[in-house]
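Number of protein chains: 2
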Amino acid sequence: MALMDTAALPRIEILSTGTEILQGLYPDTNAQWMSGQLLALGFPVTYHAAVGDVREDLARQLRVSVARADLILMSGGLGPTEDDVNRYAVADVYEVDLVEDAEAVERMRRMFAGRKRPFREANRVQAMAPRTARVLYNNWGTAPGFLLEGGPGRATLVALPGPPRELQPMFELWVRPFLLERWRPAEILRTHTLHTIHLPESEINARIVDLFGADPRVNVALLASEGKVDIRLTARGPSEDAIREIFAGVRRRIEERLDPADIYGADEETLEAVVGGLLREQRLTLAIAESCTSGLLLARVTNVAGASAYLLEGFVTYANEAKSARLGVPPELLERHGAVSAETAQAMAEGVRRVAGADLGLSVTGIAGPTGGTPEKPVGLVYIGLAREAGSTVIERRFLGNRNENRLYSVYAALDLLRRDLLRRGRPA
Amino acid sequence: MALMDTAALPRIEILSTGTEILQGLYPDTNAQWMSGQLLALGFPVTYHAAVGDVREDLARQLRVSVARADLILMSGGLGPTEDDVNRYAVADVYEVDLVEDAEAVERMRRMFAGRKRPFREANRVQAMAPRTARVLYNNWGTAPGFLLEGGPGRATLVALPGPPRELQPMFELWVRPFLLERWRPAEILRTHTLHTIHLPESEINARIVDLFGADPRVNVALLASEGKVDIRLTARGPSEDAIREIFAGVRRRIEERLDPADIYGADEETLEAVVGGLLREQRLTLAIAESCTSGLLLARVTNVAGASAYLLEGFVTYANEAKSARLGVPPELLERHGAVSAETAQAMAEGVRRVAGADLGLSVTGIAGPTGGTPEKPVGLVYIGLAREAGSTVIERRFLGNRNENRLYSVYAALDLLRRDLLRRGRPA
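Chains as they are written, first to last, in numbering that gives the first Met the number 0: chain E, 0 to 428; chain H, 0 to 428.
Printed below as a string of structure tokens:
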């Protein structure tokens, strides 16, 4: 689909370097991240290329890219080791000397001093940049980047360090403003992602399939991962307001087809943050008891800064003795129904609520695998309990993943049980 | 570095197509997967490129690739829609007609009949391949691939469909045997990764820099991520045994330069599995008390199937009251030194050891951020305590990451403290 008017826009090429990428050790996630950012700003990318840490191979690719693109975003290869060949290849192709940038050296010295680490002379090479380039200082690591202006038939080049935690803020600080000043796009493009949990992808597809392509300004796509399904909307328009209106219209139509509670959030909202917001709003406290997920649920809930406002404490009661000693689950109950049972999940939830003095108690017990399953209680069987003053709820789930997937799906199911309960409470009677 | 005797090997380029890749919707995992497969067969890859579904852009890239590579592995763009432009771009660049392959049509008809779906005439276009190409039939989907022989200065091209569940078996069926027949590598290539923790990358680099390139059969590279540093060895040799010997020699030399305890494992070994192995070996039980990491350490320890053999239980004591009520940390101690202090970490470790009746107690308390820091106790300050019968140890760390990074680094530091302690115990006196 031709989503953009590309006439006035630069042809952009992303050039990643690193032998590990060519060896298949990991995918080229810097190219992916930058492409997504650029598209959101209204700049589609034309080419990706990746080259190993070999000066001649990189120079050869650069000669191609320099001639066909208006802007090259290069990442990696700016460090102090033998493998870091990018500055040399750029100097070769742009036929320019490398010179040391005094401020870059000074910044490196300060960074090393701040970390109480010795500054080695070998690090100085990272301050070398093409003589005619603008040095892009790096507040998140040692190697600065640089911006080298091109000319007719010669692309402008931005070189950024490879580690994502340096590349990403440097992109924000240096690349984004440069792009918007140099090539202001006439239309912008935005994405809006609705997060759903519980309904399978095929069910969502069947309910909203007629909305795919119904509005030519919007693309609708389903993306399933980690047992959740995202509905991704991409729209173009002349302004943020115009796009917001388009998204609101599509969202309304989607909500008519699904239960609104099936959509737990949008864009950056996480399930744990949504649950945290509801707990804060309703001024409720929570305590957690985990068995098979053993800390994952607690870790997830506390992903949210400020979770201490509602999470009182948690117990990982792996062994039956711990379930009894910490949560007061009667040994006879464990004996009769087993540690993985609705009865145990309920007793754990009620126990942790009582022991911690919390408004709500949430529990998980199950068989994550790979071993421990039986014909009656297979791997993937999980019980989740929720205790509140008015009584308790237990749900049973049978997941079909591996150990880690089953643990993750259990965490999401527990958070979703709590979320739906809080939504019902929050509603006016 | 010239790792392979590449004279006899083809220069391979992987060319992926799909606008979604250029939009950053997902990373180029086909290029990653094929690169890993090729490397294991002894064929390093020189270039990756990705292009959107635009015929002219793809033809332009193909002209570059055809001239510089001996073999191009192209994926995607073979389906029946407007977006599927690959066969046309190939025909343009190789200057060859497209013709319909009768067997490919017949196979598609049979596949549709088998799936009880009507065969639409629009599907026939997928049976079109360059006149001089060999058609690569697809048992896993509708679109066949093709193999077009090159010549002097013109790369041979293999076109495969994009869906991984079709591409991967087709690579096995068609590409692998073709490669091994055409360019039988005299040597195979293997990787061996040593995992280190604690020493910074620059320090490791300084200690082993003379081993980079010391043996022309081995490439040594450092990869830092998540606060750990991997030393990745890539070697070529005539056989598995020969390569194993090369790796053993380099590893010995690296171990002479580092404290052997700095290397916690190799290849697929994880820190938590190594710690679990030591605990099992020494028949010791563990209990854990977490504050700022709030479940992450427990979740990590129980990543290992069978962790219930040594992990008794865990407490997430976020609030001071929980630290006192569950672990017996005296309120006066919390009052005097604060929840984030060496004294509290020690009291938590000793408390959880006693309460759980475990051989070892491990604790973490710190300030993960983004808020909660003070000039004396900044964000990233973490104390880790380890209690055993013979006494307790506390270490202090100051991490410089964001909330999630600080939590993760704390988990690694806690596991590493435990690992080093177990190593010392395990050594003959």
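For every residue, glycine included, the Cβ atom is placed at its ideal position computed from N, Cα and C.
Applying a beta-carbon distance threshold of less than 8 Å, which residues of chain H neighbour residue i?
| i | result |
| --- | --- |
| E/I242 | The premise fails here: E/I242 is roughly 16 Å from chain H at the closest Cβ pair, so nothing lies under 8 Å. |
| E/L38 | Q22, G23 |
| E/A88 | Simply none; closest approach about 14 Å. |
Mind pulling the chain E residues with CB within less than 7 Å of residue i?
| i | result |
| --- | --- |
| H/S391 | The premise fails here: H/S391 is roughly 22 Å from chain E at the closest Cβ pair, so nothing lies under 7 Å. |
| H/L310 | Y317 |
| H/A261 | In the sequence as presented, Ala is not what sits at residue 261 of chain H; that position holds Asp. Neighbours of H/D261 on chain E: none; closest Cβ ~17 Å, over 7 Å. |
| H/L222 | E19 |
Tell me the DSSP bridge mates of residue i?
| i | result |
| --- | --- |
| E/P129 | E/L97 |
| E/S74 | E/S15, E/L159 |
| E/T45 | For E/T45, which the question treats as bridged, DSSP gives no partner whatsoever. |
| E/L285 | E/L310, E/L359 |
| H/D229 | H/H194, H/L222 |
| H/S391 | H/A386 |
| H/T364 | H/Y382 |
| H/A112 | Bridge partners of H/A112: none, in fact. |
| E/A234 | E/R189, E/V217 |
| H/R396 | H/V381 |
For residue i, which three-state DSSP category applies?
| i | result |
| --- | --- |
| E/S201 | helix |
| H/D266 | coil |
| E/S323 | helix |
| H/Y309 | coil |
| E/A66 | helix |
| E/F458 | Within the shown structure, residues of chain E are numbered from 0 to 428, placing residue 458 of chain E beyond reach of any answer. |
| E/R216 | coil |
| E/A304 | coil |
| E/R10 | coil |
| E/G371 | coil |
| H/F145 | strand |
| H/G337 | coil |
| H/L188 | strand |
| E/M417 | The sequence given here has Leu at residue 417 of chain E, not Met. If DSSP states are grouped into helix, strand and coil, E/L417 belongs with the helices. |
| H/Y411 | helix |
| E/G276 | helix |
If you check the beta carbons only, do residue i and residue j fall under 8 Å apart?
| i | j | result |
| --- | --- | --- |
| H/L21 | E/H197 | no |
| H/I13 | H/L72 | yes |
| H/A154 | H/D69 | yes |
| E/I203 | E/L221 | yes |
| H/L156 | H/V208 | no |
| E/R436 | E/A286 | Any property of residue 436 of chain E remains undetermined from this structure, which presents chain E solely from 0 to 428. |
| E/A288 | E/G350 | yes |
| H/S362 | H/A341 | no |
| H/V217 | H/L193 | no |
| E/Q345 | E/G384 | yes |
| E/A386 | E/G360 | yes |
| E/G236 | E/I245 | yes |
| E/S408 | E/F398 | With the sequence shown as reference, residue 408 of chain E is identified as Tyr, and Ser is not the correct amino acid for it. Result yes, Cβ atoms of E/Y408 and E/F398 sit closer than 8 Å. |
| E/N302 | E/E271 | yes |
| H/L310 | H/V339 | no |
List the residues of chain H whose Cβ lies closer than 9 Å to the Cβ of residue i, in chain order.
| i | result |
| --- | --- |
| E/E81 | M0, V208, F211, G212 |
| E/F314 | E312, G313, F314, V315, R325 |
| E/T370 | A304, G305 |
Please classify residue i: is it buried, with 16 or more other beta-carbons within 10 angstroms of its beta-carbon, or exposed?
| i | result |
| --- | --- |
| E/R418 | buried |
| H/L8 | buried |
| E/T16 | buried |
| H/Q31 | buried |
| E/S34 | buried |
| H/K322 | buried |
| H/N138 | exposed |
| E/T141 | buried |
| H/S74 | buried |
| H/D4 | Summary for H/D4: the model assigns pLDDT 47, below 50, so the residue's position carries little reliability; its value from the coordinates is reported in the next sentence. Exposed, by the Cβ-count rule. |
| H/N403 | exposed |
| E/D27 | buried |
Name, please, each residue of chain E whose Cβ falls closer than 8 Å to the Cβ of residue i.
| i | result |
| --- | --- |
| H/R67 | R59 |
| H/P26 | P26, D27, T28, A30, Q31 |
Below 9 Å on C-beta distance, what does residue i contact in chain E?
| i | result |
| --- | --- |
| H/V217 | Within 9 Å Cβ-Cβ: nothing; H/V217 doesn't reach chain E, min ~14 Å. |
| H/T16 | Simply none; closest approach about 11 Å. |
Indicate, with yes or no, if the ligand SAH has a heavy atom lying under 7 Å from the CB of residue i.
| i | result |
| --- | --- |
| E/A68 | Absent from the structure shown: the ligand SAH. Ligands present: none. |
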